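Visitor: Per my numbering: the sequence shown ends with 468, consecutive numbering throughout. Beta carbons are placed, not taken as given, at the ideal position from N, Cα and C, and that holds for glycine. Remember, it's a predicted structure, so these values are computed and weren't measured experimentally. Below is the structure I would like to discuss, written out as structure tokens.
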Amino acid sequence: LVGDLEYENKIVLEISDEDAAFILGKGGRTKEKIARVSGARIELYERSRTLEIMGPPEARARAKKYVQAVMAQRVGPVSIEDDGDSDLTVVFVPHEAVGFVTGSQGNFLRSIEEEWGTLMFFAKVASANSNSEKLMIFGELRARRGAELKVMSAIEHKKPGYYVLKGEDGMAESVRMSDRYEGDMLDADTDWDVDMIPFTSDDFSYALGSQGSTRRKLAKASGCILEYVGMVACIAGTREDRKRCRNYLSWLLKQRTGPVHVEHEGRTDVTALHVPPESVGFITGTRGETLRTIERNTGTFCFTSSSRDGESGRHETLLIFSHNSQARARAREEVEARLHDHAMIQRGGGGMGGPRGGGGGYDRHDRYDRYDDRRDDRRDRYYDDRRERDRYDDRHRDRYDERRRRDDDYDDHRDRRRRDDDYDDRNDRRRRDDYDRYDDRDRRDRDYRDSRHDDRRGRDYDHRR
Numbered sequence: 004l005v006g007d008l009e010y011e012n013k014i015v016l017e018i019s020d021e022d023a024a025f026i027l028g029k030g031g032r033t034k035e036k037i038a039r040v041s042g043a044r045i046e047l048y049e050r051s052r053t054l055e056i057m058g059p060p061e062a063r064a065r066a067k068k069y070v071q072a073v074m075a076q077r078v079g080p081v082s083i084e085d086d087g088d089s090d091l092t093v094v095f096v097p098h099e100a101v102g103f104v105t106g107s108q109g110n111f112l113r114s115i116e117e118e119w120g121t122l123m124f125f126a127k128v129a130s131a132n133s134n135s136e137k138l139m140i141f142g143e144l145r146a147r148r149g150a151e152l153k154v155m156s157a158i159e160h161k162k163p164g165y166y167v168l169k170g171e172d173g174m175a176e177s178v179r180m181s182d183r184y185e186g187d188m189l190d191a192d193t194d195w196d197v198d199m200i201p202f203t204s205d206d207f208s209y210a211l212g213s214q215g216s217t218r219r220k221l222a223k224a225s226g227c228i229l230e231y232v233g234m235v236a237c238i239a240g241t242r243e244d245r246k247r248c249r250n251y252l253s254w255l256l257k258q259r260t261g262p263v264h265v266e267h268e269g270r271t272d273v274t275a276l277h278v279p280p281e282s283v284g285f286i287t288g289t290r291g292e293t294l295r296t297i298e299r300n301t302g303t304f305c306f307t308s309s310s311r312d313g314e315s316g317r318h319e320t321l322l323i324f325s326h327n328s329q330a331r332a333r334a335r336e337e338v339e340a341r342l343h344d345h346a347m348i349q350r351g352g353g354g355m356g357g358p359r360g361g362g363g364g365y366d367r368h369d370r371y372d373r374y375d376d377r378r379d380d381r382r383d384r385y386y387d388d389r390r391e392r393d394r395y396d397d398r399h400r401d402r403y404d405e406r407r408r409r410d411d412d413y414d415d416h417r418d419r420r421r422r423d424d425d426y427d428d429r430n431d432r433r434r435r436d437d438y439d440r441y442d443d444r445d446r447r448d449r450d451y452r453d454s455r456h457d458d459r460r461g462r463d464y465d466h467r468r
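See the structure below:
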């Protein structure tokens, strides 16, 4: 940093060429990240080597601090003063897990920054524990908590027992949160907090889903932060968001053993849609795949709840849950479109598995198709569990695979050199053999010429005599 000037509505920083390239980043990503996290507008002028920061005073101050921290990383470790900043969360990372959390070329940290909209880097805190390296997370409160829990999940996977506290029976009970710095402490009257729900081994793999799909679905539908640290679900957000997420998680786990009935009257986060009995199997699809597709497309949590109506007889109610009313509306449109398609198929005389000519009957087997995707399947459960345990090790396996590929390439190159050397040796032997044959032929020709010459001289001598 060469110098800076502060005006009424902007800050102008004079920077060097090296700092300009470092702030800009690959494709301008670093500059965009600083602007997104700080809430300020940043313009970099390379010819004049100046950086302009515009926006509200708080946003400009945050952007200037972030820019200075990023430039300091170019020359060495960053030192952060604990001055009560309200935009900073510090995570204590064990030394043996620092490289694991950073990832190859910093890719893991960059992925968390992209997911939560934060600015993260390792630094030294000058006010306390200056000899310890800490992970700095800058951003809004919700973004910082989400990134913090994601990092804690990775550390617990690398070093089991670092965060998870177990009871006398050896089962996980809660998670030890990192110490809060002054600016990161919440007021007593705020409703922001972190709830913790321990899992059994069966419930954990079921609530996680394939590659974490079920966890992401519940988090998006509830509008809450949901991360699994070890065998404990950490739910972060406001009191209303946490209650909604706990309800969704409880209903999900109950569906593992059978159908669930929910009293949805009076709730503001649900849209109820009555589905004809003959169309339930068509809506849910094989093993619930159709309903899961609707959930992924709309960011909702959907399942059927059986009920009885004295007038209409037995019917099925599809419950669409989400904190976002627009997401629920999109999900309802997709379901109604599929109901219309099924009605057209029935009127066309086809069938979706019903009696011939009956237009797609609905039997007791179809009725339970919607629960197949949430049934206790041992193979899927242990497969997903292995995928979850191995998801961070993939980076190391990729590195080892790359090393093996380089070794294989070296072996192939060495084999080719050997084949080339053998080929050269064979050519040399052929050339030597050719030379030997030529020499033999020349000697025979000379001997033949000499013998003819001697014969001619003998005849001449005899003639003279």
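(1) So, A239 versus C227, is the Cβ gap smaller than 9 Å?
(2) Just reading off the beta strand (DSSP E) that T53 is part of, what are its end residues?
(3) Tell me whether the region 145 to 163 and the region 239 to 250 touch, counting them as touching only if at least three CB pairs, one residue from each stretch, are closer than 8 Å.
(4) Have a look at E118 and G351 and give me their C-alpha separation to the nearest angstrom.
(5) Nearest to T260 by alpha carbon, out of G302, A75, S282, D205?
(6) Which ranges does the alpha helix (DSSP H) cover as unbroken runs of at least 4 residues, wholly within the region 258 to 342, from first to last along the chain?
(7) Among the residues of its own chain, which have a CB less than 6 Å from the CB of H345, if the five just before and after it don't count?
(8) Any idea if P80 is buried or exposed, counting beta-carbon neighbours within 10 angstroms, 16 or more meaning buried?
(9) Measuring straight from C-alpha to C-alpha, what distance separates R183 and R32?
(10) Considering only their Cβ atoms, is the gap separating V104 from A157 smaller than 9 Å?
(11) Which value, in whole angstroms, describes the spacing of the CA atoms of A23 and V73?
(12) Residues in its own chain within less than 7 Å of V338 by CB, not counting five upstream and five downstream?
(13) Which term fits L252, buried or exposed, when burial requires 16 or more other beta carbons within 10 angstroms of its beta carbon?
(14) Look up E49 in the DSSP assignment and say whether it is helix, strand or coil.
(15) Quick check: V101 and V167, are their CB atoms within less than 9 Å of each other?
(16) Can A334 and T271 be called in contact, C-beta distance under 9 Å?
(17) Spatial neighbours of A75 within its chain, please: CB distance less than 7 Å, with the 5 preceding and 5 following residues excluded, ordered by chain position.
(18) Would a C-beta distance cut-off of 9 Å place K137 and V93 closer than the cut-off?
(19) Have a look at L294 and E266 and give me their C-alpha separation to the nearest angstrom.
(20) Taking only three categories from DSSP, how would you classify G363?
(21) Reducing DSSP to helix, strand and coil, say where I33 ends up.
(22) Tell me whether Y385 is buried or exposed, calling it buried when 16 or more other Cβ atoms sit within 10 Å of its Cβ.
(23) Tell me, which residues are paired with F95 by DSSP?
(24) Spatial neighbours of N12 within its chain, please: CB distance less than 6 Å, with the 5 preceding and 5 following residues excluded, ordered by chain position.
(25) Which residue marks the beginning of the alpha helix (DSSP H) containing K220, and which one marks its end?
(26) Assuming K36 and L122 form a contact by the criterion Cβ under 8 Å, report the distance between their Cβ atoms to the nearest whole angstrom.
(27) Within this structure, are the beta carbons of E319 and S308 separated by less than 9 Å?
(28) Taking the beta carbon of I18 as the centre, do at least 16 other beta carbons fall within 10 Å, making it buried, or is it exposed?
(29) Beta-carbon within less than 7 Å of F25's beta-carbon, same chain only, minus the 5 sequence neighbours each way: which residues are those?
(30) DSSP has A72 in a bridge; who is on the other side?
(31) Please report the straight-line C-alpha distance between A330 and M155, rounded to a whole angstrom.
(32) I'd like to know whether the C-beta atoms of M180 and V197 end up nearer to each other than 9 Å.
(33) From N21 to R113, what distance separates their C-alpha atoms?
(34) Measure the C-alpha to C-alpha separation of R52 and C248 and round it to an integer number of angstroms.
(35) Does G356 come out as helix, strand or coil in the three-state DSSP assignment?
(36) Alpha carbon to alpha carbon, how far is D172 from T203?
Guide: On the basis of the coordinates in this document:
(1) If you number the sequence shown from 1, residue 239 lands on position 236. If you number the sequence shown from 1, residue 227 lands on position 224. Yes, they are a contact pair.
(2) Sequence index remark: in the sequence shown, residue 53 carries index 50 (1-based). It spans 53 to 57 - the beta strand (DSSP E) in which T53 sits, taken as one unbroken run.
(3) yes
(4) Within the sequence shown, the letter at position 115 stands for residue 118. Within the sequence shown, the letter at position 348 stands for residue 351. The straight-line gap from Cα to Cα measures roughly 47 Å.
(5) Here residue 260 refers to the residue found at position 257 when the sequence shown is read from its first residue. The shortest Cα separation from T260 among G302, A75, S282, D205 belongs to D205.
(6) 283 to 287, 292 to 301
(7) Here residue 345 corresponds to residue number 342 of the sequence shown, with the count starting at 1. Taken in chain order, the residues that qualify are S282, F285.
(8) If you number the sequence shown from 1, residue 80 lands on position 77. Looking at its Cβ environment, which holds fewer than 16 other Cβ atoms inside 10 Å, P80 is exposed.
(9) Locating residue 183 in the sequence shown gives position 180, counting from the first residue. Locating residue 32 in the sequence shown gives position 29, counting from the first residue. So the alpha carbons of these two residues sit roughly 30 Å apart.
(10) Residue 157 sits at position 154 when you count from the first residue of the sequence shown. Residue 104 sits at position 101 when you count from the first residue of the sequence shown. For A157 and V104, yes; Cβs fall inside 9 Å.
(11) Here residue 23 corresponds to residue number 20 of the sequence shown, with the count starting at 1. Here residue 73 corresponds to residue number 70 of the sequence shown, with the count starting at 1. In a straight line, the C-alpha of A23 is about 11 Å away from that of V73.
(12) The residue given as residue 338 occupies position 335 in the sequence shown. Excluding sequence neighbours, V338 sits near L276, I286, I297, L321.
(13) Locating residue 252 in the sequence shown gives position 249, where the first residue counts as 1. Buried.
(14) As a position in the sequence shown, residue 49 is number 46, starting the count at 1. Three-state result, E49: coil.
(15) The count along the sequence shown starts at 1 and reaches residue 101 at position 98. The count along the sequence shown starts at 1 and reaches residue 167 at position 164. Cβ atoms of V101 and V167: not closer than 9 Å.
(16) As a position in the sequence shown, residue 334 is number 331, starting the count at 1. As a position in the sequence shown, residue 271 is number 268, starting the count at 1. The answer is no: Cβ separation not under 9 Å.
(17) On the sequence shown, position 72 is the one that residue 75 refers to. If we look at A75 and ignore the five residues flanking it on each side, its Cβ neighbours are V81.
(18) Here residue 137 refers to the residue found at position 134 when the sequence shown is read from its first residue. Here residue 93 refers to the residue found at position 90 when the sequence shown is read from its first residue. Their beta carbons are under 9 Å apart, which means K137 touches V93 by this criterion.
(19) For the purposes of this step, residue 294 is identified with residue 291 of the sequence shown, where counting begins at 1. For the purposes of this step, residue 266 is identified with residue 263 of the sequence shown, where counting begins at 1. C-alpha separation (whole angstroms): 21 Å.
(20) On the sequence shown, residue 363 is found 360 positions in, with the first residue counted as 1. Unreliable placement is indicated for G363, whose pLDDT of 42 sits below 50; the coordinate value is still reported in the next sentence. Note: G363 maps to coil in three-state DSSP.
(21) Locating residue 33 in the sequence shown gives position 30, counting from the first residue. The sequence as given places Thr at residue 33; Ile does not occur at that position. Helix at T33.
(22) Position 382 of the sequence shown, counting from 1, holds the residue named residue 385. Note that Y385 scores 45 on pLDDT, short of 50, meaning its location in the model is unreliable; the coordinates nonetheless yield the value given after this. Per the 10 Å Cβ criterion, exposed.
(23) Position 92 of the sequence shown, counted from the start, is the residue given in the question as residue 95. DSSP lists K137 as partners of F95.
(24) Counting from 1 along the sequence shown, the entry for residue 12 is found at position 9. Cβ within range, chain order: n/a, list empty.
(25) As a working note, residue 220 is residue 217 in the sequence shown. It spans 216 to 225 - the alpha helix (DSSP H) in which K220 sits, taken as one unbroken run.
(26) As a working mapping, residue 36 is identified with position 33 in the sequence shown. As a working mapping, residue 122 is identified with position 119 in the sequence shown. Right, their Cβ atoms sit about 6 Å apart.
(27) The residue labelled residue 319 in the question sits at position 316 within the sequence shown. The residue labelled residue 308 in the question sits at position 305 within the sequence shown. The answer is yes: Cβ separation under 9 Å.
(28) Stepping through the sequence shown from its first residue, residue 18 is reached at position 15. Buried, because 16 or more other Cβ atoms sit within 10 Å of the Cβ of I18.
(29) As a first step, residue 25 is located in the sequence shown; it is residue number 22 there, counting from the start. Answer for F25: V73, M74, R77, listed in chain order.
(30) Taking the sequence shown and counting its residues from 1, one reaches residue 72 at position 69. A72 pairs with nothing; no bridge assigned.
(31) Numbered from 1 along the sequence shown, position 327 holds the residue referred to as residue 330. Numbered from 1 along the sequence shown, position 152 holds the residue referred to as residue 155. Distance between the alpha carbons of A330 and M155: 30 Å.
(32) For the purposes of this step, residue 180 is identified with residue 177 of the sequence shown, where counting begins at 1. For the purposes of this step, residue 197 is identified with residue 194 of the sequence shown, where counting begins at 1. Taking 9 Å as the Cβ cut-off, M180 and V197 qualify as a contacting pair.
(33) Here the question's residue 21 lines up with position 18 in the sequence shown. Here the question's residue 113 lines up with position 110 in the sequence shown. Looking at the sequence shown, residue 21 is not Asn but Glu. Near 21 Å, if we compare the C-alpha coordinates of R113 and E21.
(34) Here residue 52 corresponds to residue number 49 of the sequence shown, with the count starting at 1. Here residue 248 corresponds to residue number 245 of the sequence shown, with the count starting at 1. Computed Cα separation, rounded: 49 Å.
(35) The residue labelled residue 356 in the question sits at position 353 within the sequence shown. Bear in mind that a pLDDT of 42 at G356, under 50, signals an unreliable position, so the number given afterwards is only what the model happens to contain. Note: G356 maps to coil in three-state DSSP.
(36) On the sequence shown, residue 172 is found 169 positions in, with the first residue counted as 1. On the sequence shown, residue 203 is found 200 positions in, with the first residue counted as 1. Each residue's alpha carbon lies about 12 Å from the other.
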